[in-house]
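To keep things clear, I will list the structure first and then write my remarks on it.
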Amino acid sequence: MDGGNHSVVSEFLLLGLTNSWRIQILLFLFFTVFYVASMLGNLLIVLTIISDHHLHSPMYFLLANLSFIDTGVSSIATPKMIYDLFRKHKVISLNGCITQMFFIHTVGGTEMVLLIVMAYDRYIAICKPLHYLTIMSLRMCIVLLALAWIIGLIHSVAQLAFVVNLPFCGANKMDSFYCDFPRFIKLACTDTYRLEFLVTANSGFISMATFFILIVSYIFILVTVRKHSSGASSKALSTLSAHITVVVFFFGPCIIVYVWPFPTLPIDKFLAIFDAIITPSMNPVIYTLRNKEMKVAMRRLFARALSFIDSLRDSN
475 MDGGNHSVVS
485 EFLLLGLTNS
495 WRIQILLFLF
505 FTVFYVASML
515 GNLLIVLTII
525 SDHHLHSPMY
535 FLLANLSFID
545 TGVSSIATPK
555 MIYDLFRKHK
565 VISLNGCITQ
575 MFFIHTVGGT
585 EMVLLIVMAY
595 DRYIAICKPL
605 HYLTIMSLRM
615 CIVLLALAWI
625 IGLIHSVAQL
635 AFVVNLPFCG
645 ANKMDSFYCD
655 FPRFIKLACT
665 DTYRLEFLVT
675 ANSGFISMAT
685 FFILIVSYIF
695 ILVTVRKHSS
705 GASSKALSTL
715 SAHITVVVFF
725 FGPCIIVYVW
735 PFPTLPIDKF
745 LAIFDAIITP
755 SMNPVIYTLR
765 NKEMKVAMRR
775 LFARALSFID
785 SLRDSN
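First residue of the sequence shown: 475, per this note's numbering; consecutive thereafter.
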């Protein structure tokens, strides 16, 4: 991927978020705390689900994969953004920019589909409880997960196919802290109006369609829940409220960034921060605080860890 035969720009200058050193120090602390919290929280969920046999069910299998994907969402742009805060010249190569966009949209597209799969899982569990384990077998979960990754990959590659050979022969300053299609396309030295529309329609349509599918699904499930007993309804509503919260936090920024017409807006930076750092760090809190089984499983995990440490001390 050399950016096309006519390209003379080999790297882009990222303007970042601010030039104030005081604000950069605050941002460094803020981003570092949220990034570490996101990584530790999501990895803790994955480890807890893998190690506790009480959580070996379709719902937790999908939740573990969501947490794994969130570690990827956090790690694609955030480490470089933190590193760049104290660099005068924040640069990224053309190939690095394309690679970053590829992973952002692959992982983002996969998470969108996975959220639909999780909604389907809740629909089967609530509306067809007697057939739940038969329908949501391990094989079915793996097939749906593979499908999510395939769709995410196709979504990313389809957009890259439009932009990978764009010529860059002039401005190379990108008003952002990471690479994404809207600002990347703006720097090409050719007429990109149709291309901007295609890329925006691609990501915007997928975001909007997925969001509405999820909202309609959850409304249908909530209507069905009202017909169940109070105990089952309370547990179902707790799980669904966590899912709906994650959906709103994830899709809100995506819809505004990609559905909003060009040119790009300054608010995009804030929304990008929200999607890249804050949302992945909030998911562990949302799912653990509202899930008694997860909290109990984590206590068991910590108890085993402390017991293991004590046994090591005794042996020494």
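Backbone N, C-alpha and C define an ideal beta-carbon position, used for all residues, glycine too.
Going by DSSP, residue 565 is part of the beta strand (DSSP E) stretching over 565-567. The way I'd put it, the segment 753-768 does touch the segment 516-526; three or more beta-carbon pairs between them come closer than 8 Å. Excluding the 5 residues flanking it on each side, residue 753 has same chain C-beta neighbours closer than 6 Å at 723 and 724, in chain order. Taking residue 578 as the centre and dropping the five residues before and after it, the same chain places the C-beta of 550 closer than 6 Å to its C-beta, in chain order. When DSSP states are grouped into helix, strand and coil, residue 701 belongs to the coil group. Collapsing the DSSP output to three states places residue 488 in a strand. Per DSSP, the beta bridge partners of residue 647 are 487. When the five nearest sequence neighbours on each side are left out, the beta carbons in the same chain lying within less than 6 Å of the beta carbon of residue 512 are those of 548, 754 and 755, in order along the chain. In this structure, 618 is the residue among 771, 618 and 762 with its C-alpha nearest to the C-alpha of residue 588.
Distance from the CA of residue 637 to the CA of residue 648, rounded to the nearest whole angstrom, comes to 16 Å. Contact between residue 591 and residue 622 holds, with the beta-carbon distance rounding to 6 Å and staying under 8 Å. Counting along the chain, the unbroken alpha helix (DSSP H) around residue 636 starts and ends at 612-637. If the five residues before and after residue 565 are omitted, its C-beta is found closer than 8 Å to the C-beta atoms of 485, 486, 487 and 488, all from its own chain and listed in chain order. Between residue 633 and residue 560, the C-beta spacing is not below 8 Å.
Ranking 685, 772 and 778 by CA distance to the CA of residue 586 puts 685 first. Distances from the CA of residue 689 to each of 630, 593 and 508 were compared; the closest alpha carbon is that of 593. Annotation: the continuous alpha helix (DSSP H) that includes residue 757 extends over 753-763. The distance from the Cβ of residue 719 to that of residue 600 is about 18 Å, inconsistent with a contact at the 8 Å cut-off.
Taking C-alpha positions only, residue 692 is separated from residue 526 by approximately 28 Å.
Counting along the chain, residue 482 sits inside no alpha helix (DSSP H), nor does DSSP assign it H or E at all.
Burial state of residue 700 is exposed, judged by a 10 Å Cβ sphere holding fewer than 16 other Cβ atoms. Following the DSSP letters along the chain, one finds residue 514 inside the alpha helix (DSSP H) bounded by residues 495-525. Across the structure, residue 715 and residue 694 are spaced so that their CA atoms are roughly 14 Å apart.
When the alpha-carbon of residue 650 is set against those of 640, 522 and 661, the nearest one is in 661.
Taking every protein chain shown into account, the CB of residue 557 has fewer than 16 other CB atoms within 10 angstroms, so this residue is exposed. Distances from the CA of residue 570 to each of 583, 563 and 554 were compared; the closest alpha carbon is that of 554. The same chain holds no residue with a CB closer than 7 Å to that of residue 612 once the five nearest residues on each side in sequence are set aside.
Residue 562: not part of any alpha helix (DSSP H); DSSP gives it neither H nor E.
In this structure, the beta-carbon distance from residue 583 to residue 528 does not fall below 8 Å.
By the beta-carbon neighbour count (other beta carbons within 10 angstroms, threshold 16), residue 645 is exposed. For residue 750, there is no enclosing alpha helix (DSSP H), as DSSP marks it with neither H nor E. For residue 531, there is no enclosing alpha helix (DSSP H), as DSSP marks it with neither H nor E. Contact between residue 751 and residue 509 holds, with the beta-carbon distance rounding to 6 Å and staying under 8 Å.
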